[in-house]
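Visitor: Quick one: the structure is below, and I'll ask about it shortly.
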Amino acid sequence: MRAILLVGGIALLISLLGTRVAINAFTKLGYGQEIRDDGPTSHHTKRGTPTMGGVVIILAAVVGYFLAKLITMTTPSASALLLLFLFVGMGLVGFLDDFIKIYKQRSLGLRSKAKMAGQTVIALVFGSLALSPWLEDSHGRTPASEKVSFLRELDWFVLPTILAILLIWLFVAGFSNAVNLTDGLDGLAAGASVMVFGAYTLVNIWQNNQFCQKEPSASCYNVRDPLDLAIIAAAITGACFGFLWWNASPAKIFMGDTGSLALGSALAGFAILTRTELLLVILGGLFVLETVSVMMQVGYFKLTKGRRIFRMAPIHHHFEMLGWEQVTVVIRFWIITGLFVATGLGIFYAEWVSRL
């Protein structure tokens, strides 16, 4: 528990101070955001705002984690290193996307195929290693499992290894893009991420307290490294908190694809490594809604040859077009996220109580 509090505080300070430095540095270098011409007209005033702030979130979380491990003199676990690989790897894909936007002064960075190729490589490497017997602990537990999970592994839903890796790829690609779609208003994605990563901090602490020992019981959790995962979740929560100070409306800096892809993939990583894959659909319900709104809009547009369900997708832009202020949309979407998180944690705890 000391390490969890320590890493959260360290990451918060690094992010809070580091983002201020990044704002000054990126402004001098001219690393400003390009704005889509077909987006809401109110966003045109944001053109030139520094972007790639996700670099600070990633550095704050990673440095905070390793400093906490150094101070507490403990060794990083296989699950933690895998999650950091996924977090940083997706951040690099996003960084390339952001850098191309800045360098070529356009609102589109990497081509969609190149971006998806980068996401796919990172996700498949992560999935293959997470299921590898090389990373088994002394009890034979690998970081991930071939079993599909909700609140814990579903023993009756076992996938062949190839299909399990494909499912991991789907989760990683899906949630990294979902957070990317949500990152369209000042503070929206960062604030929502704070709540969901905070929820995973609690989930991992609980799993560590109810960890399966040599004789597993019906109520214990068969997770490889829950305590170390809690430390990383706290680190990312603190990093997002520090960044939100500068990203809240009016934003002084944007996280860019660097941050959104990293955060989304980390959420998927937590779901996979904690055996709570389907629970993430509830905890991260806002990100799911944002993605579904885009899928509905695109599908309906193609089927009806030009008609739309929403005035603009993702759905947060629809409410902007209805005349809601940005701050109003963000706060109300934060409330929705809080309700999703509270529901998810309530279900998680109720399931454990039912097994006693």
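In the numbering used here, the protein residues as written are 273 to 628.
Cβ atoms here follow ideal geometry from the backbone N, Cα and C, with glycine treated the same way.
1) Skipping 5 residues on each side, what residues in its chain have a beta carbon closer than 8 Å to that of leucine 277?
2) Please classify phenylalanine 429 as buried or exposed, where buried requires at least 16 neighbouring CB atoms within 10 angstroms.
3) Hey, is the region 375-391 in contact with the region 451-458, meaning 3+ C-beta pairs nearer than 8 Å?
4) Does the region 417-437 come close enough to the region 538-550 that 3 or more CB-CB pairs lie under 8 Å?
5) Mapping the DSSP letters down to three states, classify serine 410 as helix, strand or coil.
6) Quick check: what's the CA-CA separation for phenylalanine 612 versus valine 560?
7) Evaluate the contact criterion for the region 483-501 versus the region 559-579: three or more CB pairs, one atom per stretch, below 8 Å.
8) If you measure between the beta carbons of phenylalanine 436 and leucine 403, is that distance less than 8 Å?
9) If we ignore side chains and look at the alpha-carbon of each, how far apart do threonine 530 and leucine 628 end up?
10) Just the C-alpha distance for methionine 584 and leucine 539, rounded to the nearest angstrom, thanks.
11) Would you tell me roughly how many angstroms separate the C-alpha atoms of serine 349 and isoleucine 286, rounded to the nearest one?
12) Starting from the N-terminal side, write out each stretch of the beta strand (DSSP E) that is 3 residues or longer and does not extend beyond the region 405-453.
13) Give me the Cα-Cα distance between histidine 316 and serine 626, rounded to the nearest whole angstrom.
14) Output the residue ranges of the alpha helix (DSSP H) runs that lie fully inside the region 339-400 and measure 4 residues or longer, sorted by chain position.
15) Would the region 460-475 and the region 613-623 be scored as touching if the rule is three or more Cβ pairs under 8 Å?
16) Is the Cβ-Cβ distance between leucine 382 and leucine 368 less than 8 Å?
17) In chain order, what residues of the same chain have a beta carbon less than 6 Å from the beta carbon of glycine 366, not counting five sequence neighbours either side?
18) Whose CA, out of Arg604, Leu288, Gly280, Leu551, lies closest to the CA of leucine 426?
19) Do you know how far the Cα of glutamine 482 is from the Cα of phenylalanine 582?
20) Given this structure, state the Cα-to-Cα distance separating alanine 511 from cysteine 484, to the nearest angstrom.
21) Are the region 408-418 and the region 517-527 in contact at 8 Å, needing three or more beta carbon pairs?
22) May I ask which residues mark the beginning and end of the alpha helix (DSSP H) holding proline 498?
23) Thinking C-alpha only, which one of His589, Phe542, Arg579 is nearest threonine 563?
24) Assuming contact is defined by CB atoms lying nearer than 8 Å, are isoleucine 330 and valine 360 in contact in what I supplied?
25) Given serine 351, which residues of its chain have a CB within under 7 Å of its CB, disregarding the five upstream and five downstream residues?
26) State the Cα-Cα distance for the pair isoleucine 603 and alanine 332, rounded to the nearest angstrom.
27) Could you name the residues that DSSP lists as bridge partners for tyrosine 621?
28) Comparing C-alpha positions only, which one of Lys385, Phe443, Leu364, Gly556 sits nearest to valine 466?
29) Isoleucine 440 and alanine 340 - do their beta-carbons sit closer together than 8 Å?
30) Return yes when the Cβ of serine 384 is within less than 8 Å of the Cβ of valine 225, no when it is not.
31) Sort out for me which residues DSSP pairs phenylalanine 483 with in a bridge.
32) So, are the CB atoms of tryptophan 518 and isoleucine 295 less than 8 Å apart?
33) Looking only at its own chain, which residues have a Cβ that is under 7 Å from the Cβ of valine 553, when we skip the five neighbours before and after it?
Guide: Reading off the structure:
1) On the sequence shown, position 5 is the one that residue 277 refers to. Cβ neighbours of leucine 277 beyond the five flanking positions: Ala506.
2) Residue numbering aside, residue 429 sits at position 157 when the sequence shown is read from its first letter. Its Cβ having fewer than 16 others within 10 Å, phenylalanine 429 is exposed.
3) no
4) yes
5) In the sequence shown, residue 410 corresponds to position 138, counting from 1. DSSP places serine 410 in coil when its eight states are reduced to three.
6) The count along the sequence shown starts at 1 and reaches residue 612 at position 340. The count along the sequence shown starts at 1 and reaches residue 560 at position 288. Going from the Cα of phenylalanine 612 to the Cα of valine 560 covers about 11 Å.
7) no
8) By one-based count along the sequence shown, residue 436 stands at place 164. By one-based count along the sequence shown, residue 403 stands at place 131. Position check: residue 436 holds alanine in this sequence, whereas phenylalanine was assumed. Yes.
9) The residue labelled residue 530 in the question sits at position 258 within the sequence shown. The residue labelled residue 628 in the question sits at position 356 within the sequence shown. Those two C-alpha atoms are separated by around 43 Å.
10) Position 312 of the sequence shown holds residue 584. Position 267 of the sequence shown holds residue 539. Methionine 584 and leucine 539: Cα-Cα distance of roughly 26 Å.
11) Within the sequence shown, numbered from 1, the residue matching residue 349 stands at position 77. Within the sequence shown, numbered from 1, the residue matching residue 286 stands at position 14. Rounded to whole angstroms, serine 349 to isoleucine 286 spans 23 Å at the Cα level.
12) 419-421, 425-430
13) Taking the first residue of the sequence shown as position 1, residue 316 is located at position 44. Taking the first residue of the sequence shown as position 1, residue 626 is located at position 354. Low confidence applies here, because histidine 316 scores a pLDDT of 46, under 50, leaving its location unreliable and the question unanswered by this model.
14) 350-376
15) yes
16) Within the sequence shown, the letter at position 110 stands for residue 382. Within the sequence shown, the letter at position 96 stands for residue 368. Yes.
17) Stepping through the sequence shown from its first residue, residue 366 is reached at position 94. Excluding residues within five positions, the ones whose Cβ falls inside 6 Å are Asp529, Thr530, Leu533.
18) Translated into the one-based positions of the sequence shown, residue 426 becomes position 154. Closest by alpha carbon: Leu551.
19) Position 310 of the sequence shown holds residue 582. Position 210 of the sequence shown holds residue 482. C-alpha separation (whole angstroms): 45 Å.
20) The residue given as residue 511 occupies position 239 in the sequence shown. The residue given as residue 484 occupies position 212 in the sequence shown. Roughly 30 Å between the two C-alpha positions.
21) no
22) Within the sequence shown, the letter at position 226 stands for residue 498. That run of the alpha helix (DSSP H) goes 498-519.
23) Here residue 563 is taken as the residue at index 291 of the sequence shown, counted from 1. Minimum Cα distance to threonine 563 is reached at His589.
24) Taking the first residue of the sequence shown as position 1, residue 330 is located at position 58. Taking the first residue of the sequence shown as position 1, residue 360 is located at position 88. Yes, they are a contact pair.
25) Position 79 of the sequence shown, counting from 1, holds the residue named residue 351. Excluding positions up to five away in sequence, the list reads Pro415, Arg496, Asp497, Asp500, Leu501, Leu545.
26) On the sequence shown, residue 603 is found 331 positions in, with the first residue counted as 1. On the sequence shown, residue 332 is found 60 positions in, with the first residue counted as 1. Whole-angstrom Cα-Cα distance: 25 Å.
27) Mapped onto the sequence shown, residue 621 falls at position 349. DSSP lists no partner for tyrosine 621.
28) Within the sequence shown, residue 466 is the residue found at index 194, counting from 1. Closest by alpha carbon: Gly556.
29) Counted from its first residue, the sequence shown places residue 340 at position 68. Counted from its first residue, the sequence shown places residue 440 at position 168. Cβ distance not < 8 Å, so alanine 340 and isoleucine 440 don't count as in contact.
30) No answer is possible for residue 225: the residues shown for the chain start at 273 and end at 628.
31) Here the question's residue 483 lines up with position 211 in the sequence shown. DSSP lists Tyr493 as partners of phenylalanine 483.
32) Translated into the one-based positions of the sequence shown, residue 518 becomes position 246. Translated into the one-based positions of the sequence shown, residue 295 becomes position 23. Going by C-beta atoms, tryptophan 518 is nearer than 8 Å to isoleucine 295.
33) Sequence index remark: in the sequence shown, residue 553 carries index 281 (1-based). Closer than 7 Å at the Cβ level, and outside the excluded window around valine 553, lie Val560.
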